[in-house]
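First the structure, in the form of C-alpha cells, and then the observations on it.
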Amino acid sequence: MIASLAPLLKKAEQKNYAVGAFNAFNLETIEAVVRGAESLHSPVILQLTEGDLEHCGFNETALLALYRAKSASVPVCVHFDHGKSPASVKRAVAAGFPSAMFDGSALEFKENVRLSKQTVSICRPKGVSVELEIGRLAGKEDYVSEVKSVFTLPEVAAEFERLTKPDALAVSAGTSHGWHSQKEVLDLALLKRIDAVTKAPLVLHGTSGLPDDMVRKAVNAGVRKLNVKTQLHDAFNAAVKKKLAQGETDTRKCLGAGRDAAQQVVEKRIRLCGSAGKA
Ligand code: 13P
Ligand code: ZN
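Residues in the sequence shown are numbered consecutively from 1165, following our numbering.
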C-alpha cells in the first residue's frame, strides 16, 4: 500500500526504529526494494531522484513505482529524492508522489528557508510530506555535488525547522554521498544534540559507507530515515557482471540476478534499522 512519509516516520519515532530509504530507477530496482520490505514485513521508502526518473521517462517511471507500491503488502512511501527546486517538486507532486524532498542545502540559509517554505506551501495543501535539508554532505548524488561536508549546527537546525516546518529533516553529521576512501565516522553526540532541539524526525543521507554498528547507533540517536543508493547499485552491478562473466546471454537472467542481489542489501539494512515486522 502507498504511504506518506509523515505517518511512517511518526510510528518509527514512537517505536524507536528507522525506515530504510532506497534509491531505485527501473523495474528491477523497484522490485528489489519492495520485495525486500515484503519479505521482512517492514515499511519502506522507495525513492527516486529526478535523474532516476528521467532515465526512462519521468511520469512513466513514477507511475511504475506508484503502481508497485499500491500492490505491495507493506506500506511503501514513494518519495521524490533531492528535488532541486520547488518547481521540480511540483512536477513530482503532479505525477502522484505522496512525499518529496527539496534540497536547498547548498544555498545560503535565507534562500534555503525561502525555497523550502515555497515547497511546503506546494505540498502541504495536497497532503504530500516534505523532507528538507540543512547542512551539507560531501560527495555526489544526482545533480548534487559537494567537495566538503558542512556539519549541521543544532541551533541552526532548530531555527530552520521553526521557519520551515518540515515533516522530516535531513542533517549532516559525518556521512557522505557515495563510497569514500576513509571510513565514515558519525558524530553521534551532534546527532543527539540536533534531535534534542528539533521535533521533525531526522534523516541521514549517504549511508552506504556507514558501518553496520553505526547504523544501529544512528537509529538510537534519533535518526528515522536512512538513505542508501551506492551499496544497492554496487550489489546489482556485481551480480550482473558475475552472470555475464559466466557466459549468461539471457538478459532477463542477468538483470534478475542484479535484482536479487539488491534485495539482499535492502533486507540487511531493514534488519539494521529495526523495522522488520513493523509493517
Ligand atoms: P549513498 O549513495 O551514499 O548511499 O547515498 C544515498 C542518498 O543519500 C540518496 O539520497
Ligand atoms: Zn542523498
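No residue lacks a Cβ here, since even glycine has one placed at the ideal position from N, Cα and C.
Taking the DSSP output, what are the residues bridged to residue i?
i: C1241; result: A1167 and I1209
i: V1308; result: E1305
i: P1417; result: One detail in the question is off: residue 1417 reads as Lys in this sequence, not Pro. According to DSSP, which records beta bridges pairwise, K1417 is partnered with nothing at all.
i: M1378; result: According to DSSP, M1378 bridges with nothing at all.
i: S1298; result: Just to set this straight, residue 1298 is Ile in the shown sequence, not Ser. Per DSSP, V1335.
i: V1404; result: Beta-bridge pairing links V1404 to no other residue.
i: G1411; result: None, per the DSSP bridge assignment.
Using three-state DSSP, classify residue i as helix, strand or coil.
i: A1334; result: strand
i: A1236; result: coil
i: G1215; result: helix
i: H1341; result: strand
i: F1324; result: helix
i: E1272; result: coil
i: S1263; result: strand
i: V1349; result: coil
i: G1422; result: helix
Would you say residue i touches ligand 1, meaning its beta carbon is less than 7 Å from a heavy atom?
i: S1372; result: yes
i: T1150; result: Residue 1150 falls outside the range modelled here, since the chain spans only 1165 to 1443, and no answer is possible.
i: N1187; result: yes
If I follow the unbroken alpha helix (DSSP H) through residue i, where does it start and stop?
i: R1288; result: Note, R1288: premise wrong, no alpha helix (DSSP H); not H, not E.
i: A1256; result: P1250 to A1258
i: T1193; result: L1191 to S1203
Residue range of the beta strand (DSSP E) that residue i falls in?
i: R1388; result: V1387 to V1392
i: F1186; result: V1183 to N1187
i: A1360; result: It is not in any beta strand (DSSP E) - A1360 instead sits in the alpha helix (DSSP H) that spans L1352 to V1361.
i: V1367; result: L1366 to L1368
Compute the minimum distance between the beta carbon of residue i and the heavy atoms of ligand 4, and state whether it is under 7 Å.
i: A1440; result: In the structure on display, ligand 4 does not appear, and the ligands it does have are ligand 1 and ligand 2.
Sequence-ordered residues whose beta carbon comes within less than 6 Å of a heavy atom of ligand 2: H1246, E1305, H1341, H1369, G1370 and N1391
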